[in-house]
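Chains as they are written, first to last, in this note's numbering: chain A, 43 to 530; chain B, 43 to 530.
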């Protein structure tokens, strides 16, 4: 029941043809009918270059209108979009492209193809505008969506150091959108400002909600606090998705002002929010809905209503309507592994049964985070999964950085931990044991070829030995203490 | 995916414990937490009298708060509620109770048990308040809803004259609620006034939306235009479900006034709306959303936005987001049988495979209505199914009335048609061929024992012979003409 439905964009264009789907800063204003026509036309051009049903197509782009058109076009051809983080290095991208069995890679206007020579020799790489110059081929476009079909693959790193491709079905995205609307309502004049990267599920989800809800969006290509504040105030924005660092800068920029009454809320993802920031938002009458989620949950799965924000400081909130949270392997204090369940949770990782098996207990997704539920059922996360570092909303898995550093000749041991940072929330710091008299810049030069800039350690600290416990596990909390003491 | 979810009321009480779920005219104001407690307590009392998982329990009541509590309580025991039209005669009810394998019947405060002696001897009949006096039995209450499980059975008549039990799964009701929210939004301050009978799916659906959305409702036990207008204006009502006759009276009563700006829309079901009435609503700045649906579609499945109402006079609109409409067996003008599909459509009739088979072509439900789609995809219904008469929002199937009249000694032939009526939209009129010199009152006296009052012919017209075509089918349109000529 409900496993098949009309194609979302086609249906929405039929129901709300003249409603604005996307506005941009350059003055574009695209209705749902126009978005449908652009996407269908683009699908026919993609067909001309050979994209066909079942293909896995990489999308490598920063936020831009044509990126959204491309994603819809790929659905019309019944292909799976592999959403690539445009901040990754070529080496990181090549791993994902290979793992995801990608054939074509489509790139945005701000991707400089010269930087991706190896990718170009191994894959059919075309810019969005290259495709735009093609003629249209008559081809069957998808009319019905099977909710069980894969729609996107988005990579996330993990404890193993190898990124894993999270497969989102249409159903995962559908239920994510529906659950969100049951949480915060769905006002007929909503306009959601999107500045989070669309290559992350949180940014992508805004544009899927748009067609499912019939909701207007405002696309922002890059974040800059004062510009975004002006847009929120002048363009009747009602909802904005932010990460902590953005919220901080938006509030700092607001000074005496606040948003119009029509503004509804900030949806805050990607890490916890300091109490001070919540109080500041409150003083400016800005409602902040904190959320907890990950790529595997197709964006938020647990949220904290603004009404509860100051009563439940530090809590992530309660699971969305069709979702559940459970704490497995509780200790005496009720703290255990946070597990979640619901129709927005992925069925598993692409071609990676082992990781899938490890990540699920029955139908419960193991988040790897430690936490507990209070007497009212509110979730508190006390320790992030696998020492996850969240920096400006981007996830950095220490194991991935450690894995890269270990490849350097002369490095004997390494541990990466998160350091508190005023601007980014956290930044990575590496503790390195070595024998080759390496300098910090040697290590960074090597890493720059391997890792996206945001993952590079802010500091390399050379030490003689890493603190390990009896079972030989590195005691990272000791390193964090060392780091704090050193900085005082 | 998404076939299991937390029990709706339990989940809603967890997410929105202090939000008002139901207000009443007598000043009651029940939060979701209270509604959960009342329903769970009532479930434990029902368990005491022997109601158990899998039972079919009749609910015979006019609108009242305890009726809603009872419905939720029945879900906690994993039983199926058989919603009985309280305007039916005992004979009509006994047919449904028997057909639906009912064991218990629970009755509301306005049901006079003396009128149901045969029912009492055949079934365990208890009033809501009888049950309230019981002690609570410790019993397992349902924690998770299986969307594929049956939730309600509601009878609808049809061409055969025998009412058929439409089985609604939890999923049918869920998707109906979700589809409706995608159509008209879900505002955080919505308050839906419910005066349609809860024993019909349109009235029931308001209270299921309430727990799924976390939306406040205002329960009205009986309709009276000036009282309801005062409630709408003074109690911050944002949405009201109406049938045409109610809308007519509400508008007539409004005179110089209109509703506050916070009022969002009237959802109009049960038959088409005269243009004059739409214009009158428009002049009073009241948005009317016309809808098309039936018991089988768990309320609305096609709706006409108010923005299109005057551009597409006479149209029923477009199918809701996950739904589709199709015209089968089209004639040269594109007119054919209206068929609908979607996750809110029933899987079939209880214990009636033949009727189920006849009603579905693949996954398309045959509505029996004739209609066409215009070039923009708007549905126009040109002829109601099986000469259906819609009187004050109640469906009257001529075949059912004809069947009853044929049981009278001396009646040789009969045909029932709808006559236009200023107050009710339509009323039934019977054309009778007889040999026993029966009088109108003889026939009505007999029928009163068999049929609900609203189904009784407003007039009995005795004629010598019914007009039949070559294939011996009664030409009802000729009777309607006869009737019109006669009344001029």
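Beta carbons: idealized from backbone N, C-alpha and C, even for Gly.
All values reported here derive from a predicted model rather than from experimental measurement.
Problem - Close-in-space but distant-in-sequence residues of the same chain around residue 362/B (CB under 8 Å, 5 per side omitted) - result: Along the second chain, one-based indexing puts residue 362/B at 320. Closer than 8 Å at Cβ, skipping near neighbours: 221, 222, 224, 225, 342, 343, 344, 345, 384, 386.
Problem - 8 Å Cβ cutoff, residue 247/A in contact with chain B - result: Looking up residue 247/A in the first chain gives position 205. When Cβ-Cβ separations below 8 Å define contact, residue 247/A makes no contact with chain B.
Problem - Top-ranked residue by Cα proximity to residue 401/A, from 157/A, 481/A, 380/A - result: On the first chain, residue 401/A is found 359 positions in, with the first residue counted as 1. Checking every option, the nearest Cα to that of residue 401/A belongs to 380/A.
Handout entry: Close-in-space but distant-in-sequence residues of the same chain around residue 181/A (CB under 7 Å, 5 per side omitted)
Key = Here residue 181/A corresponds to residue number 139 of the first chain, with the count starting at 1. Cβ within range, chain order: 86, 89.
Handout entry: One or two residues paired with residue 361/A in a DSSP bridge
Key = Counting from one through the first chain, the residue named residue 361/A turns up at place 319. DSSP lists 344/A as the bridge partner or partners of residue 361/A.
Practice task
Can you give me, in chain order, the residues of the segment 202 to 233 of chain B that have a beta carbon less than 9 Å from any beta carbon in chain E?
Solution key: This model lacks chain E altogether; the protein chains it does include are A and B.
Problem - Where the segment 243 to 273 of chain A meets chain B: residues whose CB sits under 8 Å from a CB there - result: Listed by position along the chain: 254, 255, 256.
Exercise for the section: Could you tell me whether the Cβ of residue 53/B comes closer than 8 Å to any Cβ of chain A? Expected result: Here residue 53/B refers to the residue found at position 11 of the second chain. Taking a beta-carbon distance threshold of 8 Å, residue 53/B counts as an interface residue toward chain A.
Practice task
In angstroms with no decimal places, state the Cα-to-Cα distance between residue 252/A and residue 164/A.
Solution key: Looking up residue 252/A in the first chain gives position 210. Looking up residue 164/A in the first chain gives position 122. The alpha-carbon of residue 252/A is positioned some 35 Å away from that of residue 164/A.
Practice task
My understanding is that residue 357/A touches residue 422/A, with C-beta atoms under 8 Å, so please give their C-beta distance in whole angstroms.
Solution key: Within the first chain, numbered from 1, the residue matching residue 357/A stands at position 315. Within the first chain, numbered from 1, the residue matching residue 422/A stands at position 380. Residue 422/A and residue 357/A do touch by the CB rule: their CB atoms are close to 5 Å apart, below 8 Å.
Handout entry: Cross-strand partners of residue 198/B (DSSP beta bridge)
Key = By 1-based counting over the second chain, the position of residue 198/B is 156. DSSP output for residue 198/B lists 206/B as bridge partner(s).
Handout entry: Span of the beta strand (DSSP E), counted from its first residue to its last, around residue 487/A
Key = Along the first chain, one-based indexing puts residue 487/A at 445. Element bounds for residue 487/A: not the beta strand (DSSP E) but the alpha helix (DSSP H), 482 to 492.
Exercise for the section: Go to residue 63/A, then tell me how far its beta strand (DSSP E) extends in each direction, as first and last residue. Expected result: The residue you call residue 63/A lines up with position 21 of the first chain. Boundaries of the beta strand (DSSP E) around residue 63/A: 62 to 66.
Exercise for the section: Measure the C-alpha to C-alpha separation of residue 312/B and residue 436/B and round it to an integer number of angstroms. Expected result: Walking along the second chain from the start, residue 312/B turns up at place 270. Walking along the second chain from the start, residue 436/B turns up at place 394. Rounded to the nearest angstrom, the two C-alpha atoms are 7 Å apart.
Exercise for the section: List the residues that DSSP assigns as beta-bridge partners of residue 180/A. Expected result: Sequence index remark: in the first chain, residue 180/A carries index 138 (1-based). None, per the DSSP bridge assignment.
Exercise for the section: Look at the Cβ atom of residue 81/A, then the Cβ atom of residue 137/A, and state whether they are nearer than 8 Å. Expected result: Locating residue 81/A in the first chain gives position 39, where the first residue counts as 1. Locating residue 137/A in the first chain gives position 95, where the first residue counts as 1. Taking 8 Å as the Cβ cut-off, residue 81/A and residue 137/A do not qualify as a contacting pair.
Problem - N- and C-terminal bounds of the beta strand (DSSP E) containing residue 308/B - result: Start at 1 with the first residue of the second chain, and residue 308/B comes out as number 266. Here the beta strand (DSSP E) through residue 308/B covers 307 to 311.
Problem - Nearest-angstrom Cβ-Cβ length linking residue 392/B and residue 207/B, presumed shorter than 8 Å - result: The sequence position of residue 392/B within the second chain is 350, counting from 1. The sequence position of residue 207/B within the second chain is 165, counting from 1. Contact holds; Cβ gap of about 4 Å.
Practice task
Report the three-state DSSP secondary structure of residue 272/B (helix, strand or coil).
Solution key: The residue labelled residue 272/B in the question sits at position 230 within the second chain. Helix at residue 272/B.
Exercise for the section: Using a threshold of 8 Å, state whether the C-beta atoms of residue 57/A and residue 227/A are closer than that. Expected result: Here the question's residue 57/A lines up with position 15 in the first chain. Here the question's residue 227/A lines up with position 185 in the first chain. For the pair residue 57/A and residue 227/A, the CB atoms are not nearer than the 8 Å cut-off.
Exercise for the section: Could you tell me whether any Cβ in chain A is nearer than 8 Å to the Cβ of residue 192/B? Expected result: Looking up residue 192/B in the second chain gives position 150. No - not a single Cβ of chain A is within 8 Å of the one on residue 192/B.
Handout entry: alpha helix (DSSP H) runs wholly inside the segment 130 to 196 of chain A, at least 4 long, in chain order
Key = Taking only runs of at least 4 residues, the alpha helix (DSSP H) segments lying wholly in the segment 130 to 196 of chain A are 132 to 141, 159 to 164, 170 to 174.
Handout entry: Sheet register partners of residue 3/B (DSSP bridge)
Key = No statement about residue 3/B is possible, as the shown extent of chain B runs from 43 to 530 and does not include it.
Problem - Sheet register partners of residue 463/A (DSSP bridge) - result: Translated into positions along the first chain, residue 463/A becomes position 421. BP columns for residue 463/A point to 467/A.
Practice task
Please confirm if residue 419/A has its CB atom under 8 Å from at least one CB of chain B.
Solution key: The residue labelled residue 419/A in the question sits at position 377 within the first chain. Output row for residue 419/A: interface = yes.
Exercise for the section: Would you mind reading off the limits of the alpha helix (DSSP H) that contains residue 87/B? Expected result: Counted from its first residue, the second chain places residue 87/B at position 45. From DSSP, the alpha helix (DSSP H) with residue 87/B extends over 74 to 90.
Exercise for the section: Please name the residue, chosen from 377/B, 167/B, 418/B, 183/B, that lies closest to residue 121/B on a Cα-to-Cα basis. Expected result: Sequence index remark: in the second chain, residue 121/B carries index 79 (1-based). Checked all of 377/B, 167/B, 418/B, 183/B; the closest Cα to residue 121/B is 183/B.
Exercise for the section: Could you tell me whether the Cβ of residue 48/A comes closer than 8 Å to any Cβ of chain B? Expected result: Translated into the one-based positions of the first chain, residue 48/A becomes position 6. Yes, residue 48/A counts as interfacial toward chain B.
Practice task
Check whether the segment 363 to 372 of chain B touches the segment 257 to 269 of chain B, taking contact to mean three or more Cβ pairs, one atom from each stretch, closer than 8 Å.
Solution key: Contact between the segment 363 to 372 of chain B and the segment 257 to 269 of chain B is absent, with fewer than three C-beta pairs closer than 8 Å.
Problem - Member of 249/B, 281/B, 398/B whose CA lies at the smallest distance from the CA of residue 105/B - result: Numbered from 1 along the second chain, position 63 holds the residue referred to as residue 105/B. Looking at 249/B, 281/B, 398/B, the one whose alpha-carbon comes closest to that of residue 105/B is 249/B.
Handout entry: Among 149/B, 185/B, 403/B, the one whose alpha carbon lies nearest that of residue 50/B
Key = For the purposes of this step, residue 50/B is taken as residue 8 along the second chain, with counting starting at 1. Residue 185/B is the option with its Cα nearest to residue 50/B.
Exercise for the section: Determine the burial state of residue 290/B: buried for a count of at least 16 other Cβ atoms within 10 Å of its Cβ, exposed for fewer. Expected result: In the second chain, the residue the question calls residue 290/B occupies position 248. Buried, because 16 or more other Cβ atoms sit within 10 Å of the Cβ of residue 290/B.
Problem - Beta-carbon neighbours of residue 352/A, restricted to chain B and to distances below 9 Å - result: The count along the first chain starts at 1 and reaches residue 352/A at position 310. Going along chain B, no residue has its Cβ under 9 Å from residue 352/A, so there is no contact; the nearest lies around 16 Å.
Exercise for the section: Consider the Cβ of residue 366/A: report whether some Cβ of chain B lies at a distance smaller than 8 Å. Expected result: Taking the first chain and counting its residues from 1, one reaches residue 366/A at position 324. Chain B contact via Cβ: present.
Handout entry: Assigned secondary structure, residue 258/A (DSSP; H/G/I helix, E/B strand, else coil)
Key = Residue numbering aside, residue 258/A sits at position 216 when the first chain is read from its first letter. In the displayed model, residue 258/A falls within a strand according to three-state DSSP.
Exercise for the section: In the DSSP assignment, find the beta strand (DSSP E) that holds residue 283/A and state where it starts and stops. Expected result: One-based indexing of the first chain puts residue 283/A at position 241. Here the beta strand (DSSP E) through residue 283/A covers 281 to 285.
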